[in-house]
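Student: First residue of the sequence shown: 1, per my numbering; consecutive thereafter. I'd like to ask you about the structure that follows.
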Amino acid sequence: MAEPYLKNRTRFTSSLDNPLVPLFNELSRVTRIPKSRLLDEAIMDLLLKHGFPVTEADDIQKTD
C-alpha cells in the first residue's frame with residue numbers, strides 16, 4: 001500500500017505517557033477536534049512558551 005501524500009503536513013512518530021492516551025482520545029472525541037489539530041495547538045503553545053517565534057500561528061488558529 002502506498003504512503004498517502006501529505007501536502008501541508010509532515011508525518012512523524014512519537015510516544016505518549018500511558019495515562020495521557022485515554023485522556024487525549026477523550027478530548028478529541030468530546031471536542032470533535034482531530035488529534036493532529038490538538039497536537040498542532042499543543043506544540044505551538046510549547047514553542048511560544050520557550051520563546052520560539054511561530055510565524056504560522058495565525059493561519060493555524062484561523063482554521064479551527
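Beta carbons are placed, not taken as given, at the ideal position from N, Cα and C, and that holds for glycine. All of these numbers come straight from a predicted model, not from anything done at the bench.
Please determine, among S36, L47 and K49, the residue with the shortest C-alpha to C-alpha distance to T13.
Tutor: S36
Student: With H, G and I counted as helix, E and B as strand and the rest as coil, what does DSSP make of V30?
Tutor: helix
Student: Identify whether D64 lies in helix, strand or coil by the three-state DSSP scheme.
Tutor: Model confidence at D64 stands at a pLDDT of 45, short of 50, so the residue's coordinates are unreliable; what they give is reported in the following sentence. In this structure, D64 counts as coil in the three-state DSSP scheme.
Student: Label D40 either buried or exposed according to how many other C-beta atoms from any shown protein chain fall within 10 Å of its C-beta, with 16 as the threshold for buried.
Tutor: buried
Student: Going by DSSP, what residue range makes up the alpha helix (DSSP H) through D40?
Tutor: K35 to K49
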